[in-house]
Amino acid sequence: MNDRLQEMRRTYAQAGLDVDDVASDPIDQFQRWFGEAQHPCLPDWLEVNAMTLSTATKAGQVTSRVVLLKGVSPDGFVFYTNYQSVKGQQLAENPSASLCFYWPHLERQVRIDGVVGKVTKELSDAYFRSRPRESQLGGLLSDQSKPVKNREVIEGLFNDLEKRYAGTDIPRPEHWGGYQLVPHQIEFWQGRPSRLHDRICYMLQNDRWNISRLCP
Ligand SMILES: Cc1cc2nc3c(=O)[nH]c(=O)nc-3n(C[C@H](O)[C@H](O)[C@H](O)COP(=O)(O)O)c2cc1C
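Each position in the sequence shown, counted from 1, maps to that position plus 3 in our numbering.
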């Protein structure tokens with residue numbers, strides 16, 4: 004298998020990226036790239052809003068997982084989860100986090116470093132209400148990241164809650180809601196031939212975004 008792994012490589016040649024091509028604001032640039040990532044011919048399985056979220060304990064033990072981007076604005080990048088999960092516990096003790104998007108169909112990566120805080124209860128309520136009922140029940144019952152004896156326990160809880168809330172609105176549990184990552188560094192990576200990739204990096208310095216090219 005290692006032989007095969009060592010032979011696996013692609014040449015990236017679709018596009019280039021230069022300091023002169025990018026928007027002066029990285030959120031505008033992100034929205035531009037995100038728009039391009041949502042090509043109408045994309046297969047259903049490709050979730051362009053899926054991003055790797057890395058968080059860490061205070062001691063520096065890092066954990067990564069995929070979550071879905073559910074909002075982006077000049078204020079930052081929003082995702083929803085269980086506040087008592089591993090990521091929730093890590094963000095409570097260390098709000099520094101990182102997001103990473105990989106869009107293979109465009110040979111692009113975006114990395115975003117910043118500081119995470121909870122969104123308002125009103126925003127979490129509004130998003131919770133917009134979710135399908137089954138997802139609301141899932142959010143209500145799941146002790147995310149805690150051990151559970153077997154799947155039957157989870158399905159039993161789901162069925163109980165389904166009956167309990169039949170015909171009524173499901174309230175958003177306090178332990179479930181949104182986080183917003185406020186960025187201080189965003190890097191746009193475009194794959195190029197010969198591994199001479201283009202990397203354009205925005206760093207927030209004295210409330211201004213400085214743009215520079217990084218070595219590949
Ligand atoms: C494509 C994809 C999308 C996901 N979206 C979310 C999400 O938006 N929120 C969430 O809490 N978990 C999401 N998950 C599950 C997480 O990756 C993870 O398993 C879960 O949040 C528990 O992580 P933790 O134990 O590190 O807190 C998603 C997983 C995948 C593969």
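Ideal Cβ placement from N, Cα and C applies to all residues, glycine included.
Quantities reported herein were computed from a predicted structural model and do not represent experimental measurements.
Per DSSP, LYS121 is not a residue of any alpha helix (DSSP H); the beta strand (DSSP E) it occupies stretches across 111-121. Between ligand 1 and the CB of VAL69, the shortest heavy atom gap is smaller than 6 Å. Sequence-distant Cβ neighbours of VAL70 in its own chain, meaning closer than 7 Å and more than five residues away, are MET54, LEU56, PHE82 and THR84. Taking a 10 Å sphere around the C-beta of GLY63, we find fewer than 16 other C-beta atoms and assign the residue as exposed. Looking at the DSSP output, ASP201 shares a beta bridge with GLN193. In the displayed model, ARG167 falls within a helix according to three-state DSSP. Counting only the Cα atoms, GLU137 lies some 31 Å from PRO107. At least one heavy atom of ligand 1 is found less than 6 Å from the C-beta of VAL89. Within the chosen limit of 6 Å, ligand 1 does not reach the beta carbon of THR171 with any heavy atom. Each residue's CA atom was taken as its position, placing GLY141 and ALA169 some 15 Å apart. The nearest non-hydrogen atom of ligand 1 is 6 Å or more from the C-beta of ALA100. Here VAL122 is actually not in contact with LEU184; their C-beta atoms are around 11 Å apart, not less than 8 Å.
Under the three-state reduction of DSSP output, ILE157 falls in the helix class. With fewer than 16 other beta carbons inside 10 angstroms of its own, LYS152 counts as exposed. The beta carbon of SER127 sits no closer than 6 Å to any heavy atom of ligand 1.
Straight across, the Cα-Cα distance linking VAL89 with SER148 is about 6 Å.
Relative to ligand 1, the nearest heavy atom lies less than 6 Å away from the CB of SER148.
Cβ contact annotation for ASP172 (same chain, cutoff 7 Å, sequence separation greater than five): none. CA-CA distance, TYR205 to GLU158, rounds to 46 Å. Taking 7 Å as the cut-off, the beta carbon of HIS178 is found no closer than this to the beta carbon of GLN92.
Among the bridge pairs identified by DSSP, TYR130 is matched with none. Beyond the five residues adjoining it in sequence on each side, LEU199 comes within less than 6 Å, by CB distance, of PRO219 in the same chain, given in chain order. Runs of the alpha helix (DSSP H) spanning 4 or more residues and lying entirely within the region 35-69 do not occur at all.
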